[in-house]
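A.B. asks: Position one of the sequence shown corresponds to residue 1 (full-length UniProt numbering), numbered consecutively onward. Cβ atoms here follow ideal geometry from the backbone N, Cα and C, with glycine treated the same way. Remember, it's a predicted structure, so these values are computed and weren't measured experimentally.
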Amino acid sequence: MARKIEIIKMSQRKLLGKDLDPCSSEELQEISRQLEISLNNIRARKDWLFKEQIEQLQAKERLLLEENARLRKQCDAQPWLQISTQPNQAVPYLSSCSKSSDVETELFIGVPQMRCL
1 MARKIEIIKM SQRKLLGKDL DPCSSEELQE ISRQLEISLN NIRARKDWLF KEQIEQLQAK
61 ERLLLEENAR LRKQCDAQPW LQISTQPNQA VPYLSSCSKS SDVETELFIG VPQMRCL
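1. Taking 8 Å as the threshold (C-beta atoms), are Leu28 and Leu15 in contact?
2. Looking at the secondary structure, which residues open and close the alpha helix (DSSP H) in which Ile7 lies?
3. Going by DSSP, what residue range makes up the alpha helix (DSSP H) through Lys18?
4. Could you compute how far the alpha carbon of Glu30 sits from the alpha carbon of Ile5?
5. Look at the alpha carbon of Leu57 and the alpha carbon of Arg72, and state the distance between them as a whole number of angstroms.
6. In whole angstroms, what is the alpha-carbon distance linking Met1 and Gln12?
Written as structure tokens, this is what we have:
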């Protein structure tokens with residue numbers, strides 16, 4: 001068992017690029033081949049994870065588009081607010097209040113003062 005552990009540790013050191021001096025060219029080629037295989041496996045796994053994530057995001061996008069369409073229909077049923085789609089265009093606000101107001105407002109700039117009416 002101890003011998004097996006030592007062989008695995010030695011193999012690990014070689015794969016990490018340590019203690020390569022006593023290795024023959026065949027051993028170095030084998031290490032290089034093992035590293036290439038491992039790298040290809042890692043890339044394949046990474047690609048698979050990205051594809052899974054893309055599929056999940058596309059499903060979420062479909063749900064959000066459906067919800068957006070549902071909300072648009074709901075907003076179309078309430079014509080009391082018109083949304084402007086062009087820049088610099090005023091958005092009209094339709095109100096049930098009359099156009100004339102019974103309240104007078106004044107704007108004062110500066111320190112507040114006591115005013116008698």
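C.D. replies: Quick look at the numbers:
1. With respect to Leu28, Leu15 sits apart: the two C-beta atoms are not nearer than 8 Å.
2. It spans Ala2 to Leu15 - the alpha helix (DSSP H) in which Ile7 sits, taken as one unbroken run.
3. No alpha helix (DSSP H) holds Lys18; DSSP gives it neither H nor E.
4. If you take the alpha carbons of Glu30 and Ile5, they lie about 20 Å apart.
5. Each residue's alpha carbon lies about 22 Å from the other.
6. Roughly 17 Å separates the two Cα atoms.
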